[in-house]
Amino acid sequence: MAGRGNIAYISGPVGCGKTAILRKFGHHVERSGALLLTATASRAERNIPMGVVGQLFQTESLSAECRRRVDELLGQDAVGAEADRDPETIRKSDAAVAYGLCTILLQLARHRPIVVVVDDLQHADGASLQTLLYLHRRMTASRMMLLFSEQSMVRSPHPLFHSELFGQPNFSNIRVGLLSRSGVREVTAARLGAVAPQLADYFANASGGSPLLLSAMIDDHQAVARLGSLRHDTQFAAREALTLALSGCLRRSESSVVTDVAQALAVLGEPAPAASLGRLLKIGVDTVEHALASLTAAGLLKAERFRHPAARTIILESMSPEQRRDLHLRAAAVLHDDGLPPIKVAEQLIAAGQAPAEWMVGVLRDAANMELADDRLEAATECLELALSECTGLQQRAELTAARARIEWRNSPSRATRYIRQLRWALGEGCLGDREAGTLIRYLLWDGRIDEAREAMAVWCSSPGESDRVVAEELATIGWWYPALFEGAGPAPERSPEGVPGSMLLRFFGGQTMAPLAQVTSGVSNDDLVVGAESVLQSNRLDTDTLELLHAALLIMIRLDHPDRAAPWCESLLAEARARGAATWEALFAALRSDAAVRQGDLATAVKYGESAVEGLTARDWGVAIGDPLANMVLASTLTGRYAQAAGYLKQPVPDTMFETRFGLQYLNSRGHFHLATGSHQAALADFENCGRLMGDWGLDLPTFIPWRTGAAEAYLRLGKADAARALIEEQLSGPGGTHARVRGASLRLLAGVSDLQERPALLKEAVSLLQSVADRLELARALVDLSRTCQRLGDFAQARRLAEQALETGPYAVDDPTSGELPPSAPNGADALSEAERRVAELAAGGHTNREIARQLFITVSTVEQHLTRVYRKLSVSRRTDLVSRLPADTAGSA
Numbered sequence: 001m002a003g004r005g006n007i008a009y010i011s012g013p014v015g016c017g018k019t020a021i022l023r024k025f026g027h028h029v030e031r032s033g034a035l036l037l038t039a040t041a042s043r044a045e046r047n048i049p050m051g052v053v054g055q056l057f058q059t060e061s062l063s064a065e066c067r068r069r070v071d072e073l074l075g076q077d078a079v080g081a082e083a084d085r086d087p088e089t090i091r092k093s094d095a096a097v098a099y100g101l102c103t104i105l106l107q108l109a110r111h112r113p114i115v116v117v118v119d120d121l122q123h124a125d126g127a128s129l130q131t132l133l134y135l136h137r138r139m140t141a142s143r144m145m146l147l148f149s150e151q152s153m154v155r156s157p158h159p160l161f162h163s164e165l166f167g168q169p170n171f172s173n174i175r176v177g178l179l180s181r182s183g184v185r186e187v188t189a190a191r192l193g194a195v196a197p198q199l200a201d202y203f204a205n206a207s208g209g210s211p212l213l214l215s216a217m218i219d220d221h222q223a224v225a226r227l228g229s230l231r232h233d234t235q236f237a238a239r240e241a242l243t244l245a246l247s248g249c250l251r252r253s254e255s256s257v258v259t260d261v262a263q264a265l266a267v268l269g270e271p272a273p274a275a276s277l278g279r280l281l282k283i284g285v286d287t288v289e290h291a292l293a294s295l296t297a298a299g300l301l302k303a304e305r306f307r308h309p310a311a312r313t314i315i316l317e318s319m320s321p322e323q324r325r326d327l328h329l330r331a332a333a334v335l336h337d338d339g340l341p342p343i344k345v346a347e348q349l350i351a352a353g354q355a356p357a358e359w360m361v362g363v364l365r366d367a368a369n370m371e372l373a374d375d376r377l378e379a380a381t382e383c384l385e386l387a388l389s390e391c392t393g394l395q396q397r398a399e400l401t402a403a404r405a406r407i408e409w410r411n412s413p414s415r416a417t418r419y420i421r422q423l424r425w426a427l428g429e430g431c432l433g434d435r436e437a438g439t440l441i442r443y444l445l446w447d448g449r450i451d452e453a454r455e456a457m458a459v460w461c462s463s464p465g466e467s468d469r470v471v472a473e474e475l476a477t478i479g480w481w482y483p484a485l486f487e488g489a490g491p492a493p494e495r496s497p498e499g500v501p502g503s504m505l506l507r508f509f510g511g512q513t514m515a516p517l518a519q520v521t522s523g524v525s526n527d528d529l530v531v532g533a534e535s536v537l538q539s540n541r542l543d544t545d546t547l548e549l550l551h552a553a554l555l556i557m558i559r560l561d562h563p564d565r566a567a568p569w570c571e572s573l574l575a576e577a578r579a580r581g582a583a584t585w586e587a588l589f590a591a592l593r594s595d596a597a598v599r600q601g602d603l604a605t606a607v608k609y610g611e612s613a614v615e616g617l618t619a620r621d622w623g624v625a626i627g628d629p630l631a632n633m634v635l636a637s638t639l640t641g642r643y644a645q646a647a648g649y650l651k652q653p654v655p656d657t658m659f660e661t662r663f664g665l666q667y668l669n670s671r672g673h674f675h676l677a678t679g680s681h682q683a684a685l686a687d688f689e690n691c692g693r694l695m696g697d698w699g700l701d702l703p704t705f706i707p708w709r710t711g712a713a714e715a716y717l718r719l720g721k722a723d724a725a726r727a728l729i730e731e732q733l734s735g736p737g738g739t740h741a742r743v744r745g746a747s748l749r750l751l752a753g754v755s756d757l758q759e760r761p762a763l764l765k766e767a768v769s770l771l772q773s774v775a776d777r778l779e780l781a782r783a784l785v786d787l788s789r790t791c792q793r794l795g796d797f798a799q800a801r802r803l804a805e806q807a808l809e810t811g812p813y814a815v816d817d818p819t820s821g822e823l824p825p826s827a828p829n830g831a832d833a834l835s836e837a838e839r840r841v842a843e844l845a846a847g848g849h850t851n852r853e854i855a856r857q858l859f860i861t862v863s864t865v866e867q868h869l870t871r872v873y874r875k876l877s878v879s880r881r882t883d884l885v886s887r888l889p890a891d892t893a894g895s896a
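So that you can map any letter, position 702 of the sequence shown is 702 in UniProt numbering, and since no number is skipped, the others follow by simple counting.
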């Protein structure tokens, strides 16, 4: 300041504290008595000639006369409108103005030191830069100092200006940069005290060491603390100060291109090649790379990603909706041209909320399929909804609508039915593909709308399509699950396969044909079917397209006496469905696991998985398929003596059309067993015979599927019609499927009951041998109990006890027949209400046997005898043993 005309130049990235340094130095200058003249260049004013120089003289420290002279100079017509001229060639008109202004400054400097401060010099207009250079050349002997700040850049915006200043003996170049990690810790500790150690590392990473961003983050953190809701996960804290700081960084950056590149990165959400950014913004690659370098130097980016988790959101929110939409659409086009996955392109289209180009609808469809494969249902739905809003082609709309329905079906079949009207219309217009047509019919049938399904089937089969074989396979599949579909349908439509209900259900995988579910009802035991089913389970990933296939494979294994092999698969697929958030799939596999458990005789497990299945979906969602889990729970509860529980399941409303499906067959069979166990023998017989009639009508009359004759024969026995029972048993043994181990074993057990005592051991031993080869513990235990009692009546007490103990270990429910709760109010009273086990206990008690003697004869515990008698007294409305004789039938009371 002692007459040397010093110049100082401060450079550094935006937001690194240059302005703060100038401000602090300015306060020092004013305290020293020197004259401080300041100006801040702005990108918005860079085209205003002498804009920066004009600011220098707008201070109250100058006299009115001085300001008048300046105004006269700056108001001259000679000041041109062309602002960004080359500083090397000052025009005469501008030189006159520069001379006048410099003269004023040099005169003032004779009386007091002057410090001229210009911030953000990179935005200065050309005329002001020429004037500052003019002053620099003439101030070497004056008490004047020039102090400039400018963003450090890869390419200088004013290379001639810099070349003249740099290297001068009175020139000082001061570089400032970002804070180090230790520097961030110091600042954080100074402002936040005790909580600083918990926050410093996060602040260092998120701010990149930018003093401006760091200060803003601390301000936001303190704002939260003042509100009494201090949270250390500051990325979720208030961000008002950060928003202002970040916006300021971009606004004060060297050029609007830096802001454009930041916005492009925010729109893309992840790094992109400079060439792609250039095409997106319609600028050169070098320009993009320069902008990326500036953003990185400012601490905003690291590896072309925003450091602060809120930065992207702040930048996006700073853009107008129109600007965002336009940039998202352009980004989608660039990503599509670059060959990025459809999901990436779809993200941009969804953000834009538009897909105006025809190719965009196809991309959204492909992206939806990819999202669905990864179980991102919400994202898949967004893709399809946008595609539907933009699609104009009828066939493509139908395809998209069907895809939308399939997504809904994964968690709520009832919601999928909302699309039935649109799909039926598309089918009528000939716009629905074969796959989508099959899906429509399945939805109608699941919802119990069988007549509508028949109408849709007729339209489908009479219209030209992709492949008659595809239609044949689809109808064969549907027909097995819903055999009533073809009742009253009239002559076979043109494209339907001959004899659809009995045709092969063909499924292809890897060139191999999986044996049909129809073969399960063919009456032929086929180990290859089970091997093939397991191969299907091993080779196919669970998804929308393979669900029916996997379900069928499990059903084959269960129906062909391999529930033990099916159970682990059920549990594995159930767990996978649960993990993938597919409630419908989970419920279906839970129902299958319950079915397998019933076949295994694991009745508690059957109830557990059945309840899980029913609770997993609403009754509306289950549709006609509700009969499947309900049937398993009713049967399992009945076989364990929990009649009240079984009655509760039977009270649950079911669709009438359920009885036109295979689910209704299982329900009828289970309800028949409930009636049988609770003494309603005539009702039981009606259910079994109705089940058998439907199975015959539908070509499903195989005991491997549902052994209705077994239940009907037991009902006839309870009704005292042994000949009718024998006829059914013999019919089952001699008919298709009668040789299956489970079927023949159960049939022989019943046949022994209507045979002479001497014939029973051989029949029962064969039954035991057959049932030991399958996994049904309950049916095996029943056969062992009957064989034990037969041995007892033949006088072989040791063998009888051994068999009873074996039966108890195999299936205790078949021996003790314990009950839980009371009989339902609808259960009949009197002797007909007694179960077989209760009847045996009552007969012995009426004959004068003590509880211990009864327990010894029946090979059960004394406690079980007491439980049976309690229920007998209640059902017969007696309170003493002596009353039993009068309440039991004359041919049984005391006969034991």
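Beta carbons: idealized from backbone N, C-alpha and C, even for Gly. The structure displayed is predicted, hence computed values, not measured ones.
As assigned by DSSP and simplified to three states, the class of residue i
{"i": "asparagine 173", "result": "strand"}
{"i": "isoleucine 315", "result": "helix"}
{"i": "serine 879", "result": "coil"}
{"i": "isoleucine 343", "result": "helix"}
{"i": "valine 117", "result": "strand"}
{"i": "glutamine 422", "result": "helix"}
{"i": "leucine 227", "result": "coil"}
{"i": "isoleucine 860", "result": "coil"}
{"i": "methionine 50", "result": "coil"}
{"i": "tyrosine 134", "result": "helix"}
{"i": "glutamate 270", "result": "coil"}
{"i": "tyrosine 482", "result": "coil"}
{"i": "glutamate 150", "result": "strand"}
{"i": "asparagine 369", "result": "helix"}
{"i": "lysine 92", "result": "helix"}
{"i": "methionine 145", "result": "strand"}
When the options are compared against residue i, the one with the closest alpha-carbon
{"i": "leucine 592", "options": "Gly601, Trp569, Gly581, Arg578", "result": "Trp569"}
{"i": "histidine 675", "options": "Trp698, Gln263, Leu639, Leu694", "result": "Leu639"}
{"i": "asparagine 6", "options": "Phe171, Ser163, Ala20", "result": "Phe171"}
{"i": "glutamine 538", "options": "Asp528, Thr544, Glu548, Ala553", "result": "Ala553"}
{"i": "aspartate 94", "options": "Leu106, His111, Gly75, Leu108", "result": "Gly75"}
{"i": "aspartate 374", "options": "Leu542, Ala303, Glu408, Arg252", "result": "Leu542"}
{"i": "proline 197", "options": "Asp337, Thr38, Ser182", "result": "Ser182"}
{"i": "glycine 100", "options": "Phe166, Thr89, Gln122, Arg68", "result": "Arg68"}
{"i": "serine 247", "options": "Glu186, Phe148, Ile315, Ser877", "result": "Ile315"}
{"i": "glycine 627", "options": "Val634, Phe663, Asp602", "result": "Phe663"}
{"i": "alanine 266", "options": "Pro341, His328, Gly616", "result": "His328"}
{"i": "threonine 38", "options": "Leu630, Arg46, Gln772, Leu22", "result": "Leu22"}
{"i": "glycine 601", "options": "His562, Arg839, Gln396", "result": "His562"}
Cβ separation of residue i and residue j, assumed to be a contact under 8 Å, to the nearest whole Å
{"i": "leucine 444", "j": "leucine 427", "result": "Rounded, the Cβ-Cβ distance is 11 Å, inconsistent with contact."}
{"i": "leucine 242", "j": "alanine 310", "result": "6 Å"}
{"i": "arginine 406", "j": "threonine 544", "result": "5 Å"}
{"i": "leucine 147", "j": "phenylalanine 57", "result": "Not a contact, Cβ separation roughly 17 Å."}
Other residues of its chain near residue i: CB distance less than 8 Å, five sequence neighbours each side excluded
{"i": "leucine 547", "result": "Trp585, Leu588"}
Residue burial classification, residue i (beta-carbon count within 10 angstroms, cutoff 16)
{"i": "leucine 757", "result": "exposed"}
{"i": "histidine 673", "result": "buried"}
{"i": "threonine 657", "result": "buried"}
{"i": "proline 113", "result": "buried"}
{"i": "aspartate 451", "result": "exposed"}
{"i": "proline 13", "result": "buried"}
{"i": "alanine 597", "result": "buried"}
Close Cβ partners of residue i (< 6 Å) along its chain, the five nearest in sequence each way excluded
{"i": "residue 923", "result": "Outside the modelled stretch of the chain, which goes from 1 to 896, sits residue 923, for which no answer is possible."}
Contacts around residue i, its chain only, beta-carbon distance under 7 Å, and the 5 residues preceding and following it disregarded
{"i": "leucine 277", "result": "Val261, Ala264, Val288"}
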